[in-house]
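Residue numbers (the numbering used here), protein chains in the order written: chain L, 9 to 264; chain C, 9 to 264. Where is the CB? At the ideal position from N, CA and C, for every residue including glycine. This structure is a prediction, so every number in the text was calculated from the model and none was measured.
2 protein chains.
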Amino acid sequence: MKIVILGSGNVATILGKALLEEGYDIIEVWSRTFSNAKILANSLQSQATDDLAQIRQDADLYLIAVKDDAIASIIDHLGSINGVVAHTSGSTSIEVFSGKCSHYGVFYPFQTFSKEKDVAFKEVPVLIEASDPITLAALKKVATAISNTVKEYDSSQRMQLHIAGVFASNFTNHLYSIAERLLTDNQIDFDLLRPLILETATKVQNILPEAAQTGPAIRNDLNIMATHQQQLESHPDLLAIYTLLSNHINTQRPKK
Amino acid sequence: MKIVILGSGNVATILGKALLEEGYDIIEVWSRTFSNAKILANSLQSQATDDLAQIRQDADLYLIAVKDDAIASIIDHLGSINGVVAHTSGSTSIEVFSGKCSHYGVFYPFQTFSKEKDVAFKEVPVLIEASDPITLAALKKVATAISNTVKEYDSSQRMQLHIAGVFASNFTNHLYSIAERLLTDNQIDFDLLRPLILETATKVQNILPEAAQTGPAIRNDLNIMATHQQQLESHPDLLAIYTLLSNHINTQRPKK
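Below you can see the structure in the form of structure tokens.
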């Protein structure tokens, strides 16, 4: 099976690597910036291009792993393709392909990817959706080869999953950043926080987050919350985040 | 060494267990509610009481692991104690003991504890502070017996660490809860989110959170952010959190 990857960012890189490891042939890597295409193509034993008009026509699968707002303009160049064309986005509907490609779908790996950090792709859920049963079967085959968890969801559910992921991962990581900033300001090593971060995530691997909630807001410890708010007065942005999230936890305490 | 534990909540339970495992003798457990004292005392091969006036006077260490606003009233009953008296709170100053006890300090295990979830206490940082060098040495000895990471910080730094922990753990867990609610509303299994949660926490074990940030806000993907906000319109509370955190990430993007 021959695959073309369009994009050279985190998702394109990690996905390309997982596919190569399972023996797929990445015949071409396209990126808007040739040097980026070249770097990824080299690591995937592939060829690089930055010319959408010259994309190879003979692949079985074209994976579009680019920023959401670039997807439509790339699809405009792939109208003559006979293979399956799929994007990897959580929040772009499958409708983006409608009337433009013959066989199309979505191949969404639900994980946070950074080029510097290897990930066990087998543990990454892959959500698929397709224009027709044959395309669905083709996407499922590839997904199952690289991941232990493959699910079929429609565009609306996939968007909800993406939003949930933004809360549980993107926002969470930003809270880690804020915590790091507070520690650095007070000459405290971030290493002290790392076990707490890992344990917080590990806890909800077996129980639900509601049962795992701890801290002043869930204890209704109003004095401590007020003390913390006073400490944060010199950081109005952090004070606003502290107040909004504490109040949200506090109002959702189970009634006794 | 003989220890009395005051409190029967998550911290009292996990700390008592860690101390017992290292061979310490928990001679008494006090709780305001006798049945709670009894449950914990039984699990620690100890005796239970709910009478502060009758607390045993012959222990070497009294650990006060109760809600912050209950600490001062407990200390009022411990004025005649010769042993070391310490609380386990992040945000209550050591000054709470001043003029009331002879040897006192703070013994703050920096982790999120739930009774249902075992924790490898050796990996939990313990922050200590004491009224005098002899008391400090005593607290350090106990802390070092149960934890690999023991640090001395003053009350002001400990409060900052606690606030950082609220952001990185309590708020983070609440974001997991919100994500779970979004999934449940859309008939999506929370299991799909668990690998993402774990990977997000695992990533920052080696790199700093700023380098690990992903998602629409850091990519400045304004269309996707607007689409997500539209999807959240029926949950004004979640929309407010989404907007505040996305904007905070977005304004902190590195300048190109």
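| Item | Value |
| --- | --- |
| Express the C-alpha separation of residue 203 (chain C) and residue 242 (chain C) in angstroms, rounding to a whole number. | 28 Å |
| DSSP beta-bridge partners for residue 72 (chain L)? | L:14, L:95 |
| Give the single residue among L:186, L:206, L:28 whose Cα lies nearest to the Cα of residue 244 (chain L). | L:186 |
| To which residues of the same chain is residue 97 (chain C) closer than 6 Å at the C-beta, ignoring the five residues directly before and after it? | 76 |
| Going along the chain, which unbroken runs of the alpha helix (DSSP H) with 4 or more residues stay wholly within the stretch 27-88 of chain L? | 42-51, 76-83 |
| Between the C-alpha atoms of residue 180 (chain L) and residue 259 (chain L), what's the straight-line distance to the nearest angstrom? | 20 Å |
| Using the rule of at least 16 other Cβ atoms within 10 Å of the residue's Cβ for burial, across every protein chain shown, is residue 146 (chain C) buried or exposed? | buried |
| What runs of the alpha helix (DSSP H), each 4 residues or longer, lie entirely inside the stretch 83-171 of chain L? | 141-154 |
| What whole-angstrom Cβ distance do residue 194 (chain C) and residue 168 (chain L) have, given they're in contact under 8 Å? | 4 Å |
| Quick check on residue 234 (chain L): buried or exposed, where buried means 16 or more other Cβ atoms within 10 Å of its Cβ? | exposed |
| Just by C-beta distance, which residues in the stretch 197-217 of chain L are closer than 9 Å to chain C? | 197, 198, 199, 200, 201, 202, 203, 204, 205, 206, 207, 208, 209, 210, 211, 212, 213, 214, 215, 216, 217 |
| What does the alpha-carbon distance come out to for the pair residue 116 (chain C) and residue 212 (chain C)? | 23 Å |
| Checking 7 Å against the spacing of the C-beta atoms, do residue 82 (chain C) and residue 72 (chain C) come in under that value? | yes |
| Could you round the C-beta distance between residue 184 (chain C) and residue 176 (chain L) to whole angstroms and report it? I think they count as a contact, below 8 Å. | 5 Å |
| Keeping to the same chain, check which residues put their C-beta closer than 6 Å to that of residue 24 (chain C); ignore five residues upstream and five downstream. | 13, 34, 52 |
| Can you tell me whether residue 217 (chain C) is buried or exposed, with buried defined as 16 or more other CB within 10 angstroms of its CB? | buried |
| Kindly indicate if chain L contains any beta-carbon less than 7 Å away from that of residue 177 (chain C). | yes |
| CB residue 118 (chain L) to CB residue 133 (chain L), shorter than 7 Å? | yes |
| According to a CB-to-CB cut-off of less than 9 Å, which residues of the stretch 89-109 of chain L neighbour chain C? | 97, 98, 99, 100 |
| Verify whether the separation of the beta carbon atoms of residue 182 (chain L) and residue 99 (chain L) is less than 7 Å. | no |
| Using a Cβ-Cβ distance under 7 Å, would residue 186 (chain C) count as near chain L? | yes |
| Keeping to the same chain, check which residues put their C-beta closer than 8 Å to that of residue 178 (chain C); ignore five residues upstream and five downstream. | 120 |
| Which chain C residues are close to residue 133 (chain L), counting only those with a beta carbon under 7 Å from its beta carbon? | 200, 203 |
| Taking 7 Å as the CB-CB cut-off, is residue 156 (chain C) touching chain L? | no |
| Report yes or no: is there a C-beta of chain L within less than 7 Å of the C-beta of residue 194 (chain C)? | yes |
| Closest by CA to residue 64 (chain C), which one among C:10, C:28, C:240, C:165? | C:10 |
| Using a Cβ-Cβ distance cut-off of 7 Å, determine whether residue 172 (chain C) contacts chain L. | yes |
| Are there 16 or more other CB atoms within 10 angstroms of the CB of residue 275 (chain C), so buried, or fewer, so exposed? | The first residue shown for chain C is 9 and the last is 264, placing residue 275 (chain C) beyond what the model contains. |
| First and last residue of the alpha helix (DSSP H) that includes residue 189 (chain C)? | 180-193 |
| Please report how far the alpha carbon of residue 50 (chain C) lies from the alpha carbon of residue 113 (chain L), in whole angstroms. | 59 Å |
| Name the two residues that bound the continuous alpha helix (DSSP H) containing residue 234 (chain L). | 230-239 |
| Tell me, please, whether the CB atom of residue 191 (chain L) is closer than 7 Å to any CB atom in chain C? | yes |
| Compile a chain-ordered list of the residues in the stretch 217-235 of chain C whose CB is closer than 8 Å to at least one CB of chain L. | 217, 218, 219, 220, 221, 222, 223, 224, 225, 226, 227, 229, 231, 232, 235 |
| Would you list, in chain order, the members of the stretch 109-120 of chain C that have their beta-carbon closer than 9 Å to a beta-carbon of chain L? | 118, 119, 120 |
| What are the residues in the stretch 245-258 of chain C lying within 9 Å of chain L by C-beta distance? | 245, 246, 248, 249, 250, 252, 253, 254, 256, 257 |
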